[in-house]
Amino acid sequence: MHLNGPRKDEIIAIISLLDFYGPTFYPVHLTGYEARYDWAKQYIEKKVGQPKFFQFFAVHEVEAWLLSNPEIFH
192 MHLNGPRKDE IIAIISLLDF YGPTFYPVHL TGYEARYDWA KQYIEKKVGQ PKFFQFFAVH
252 EVEAWLLSNP EIFH
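Mapping of the sequence shown onto my numbering: residues 192 to 265, in sequence order.
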């Protein structure tokens, strides 16, 4: 893994992009998006165990909004 490789000291940050609504590993008592976000961010960052790793979640609504209006990309 690059985080433990010979150039590990040159790494500024590692950012993970994950669909917020896709995973099914949330505890069942967490139903609100804020609680799920906070829990999952801490869970994944702890699993990776690297201080330079940051979890970021993509939210479907933004993707759908962008793709619904292709003119904004011109």
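Glycine included, C-beta positions come from ideal geometry on N, C-alpha and C.
Assign Q246 to one of three DSSP states: helix, strand, or coil. In the structure shown, Q246 adopts extended strand secondary structure according to DSSP, grouped into three states.
Considering only their Cβ atoms, is the gap separating K232 from Q241 smaller than 7 Å? Between Q241 and K232, the C-beta gap is not smaller than 7 Å, which leaves the two residues out of contact.
With C-beta atoms as the reference, is K243 less than 7 Å away from I202? Against a cut-off of 7 Å, the Cβ pair of I202 and K243 comes out as a contact.
Rounded to whole angstroms, what's the CA-CA distance from K199 to I205? Just pull it up for me. K199 and I205 have their C-alpha atoms some 11 Å from each other.
Considering only C-alpha positions, which residue in the set L258, A226, F248 is nearest to S207? Measuring from the Cα of S207, the nearest candidate turns out to be F248.
Out of curiosity, what's the CA-to-CA distance linking L257 and Y228? Here the alpha carbons of Y228 and L257 stand approximately 22 Å from one another.
Given this structure, state the Cα-to-Cα distance separating E262 from P197, to the nearest angstrom. When rounded, the separation of the alpha-carbon atoms in E262 and P197 is 44 Å.
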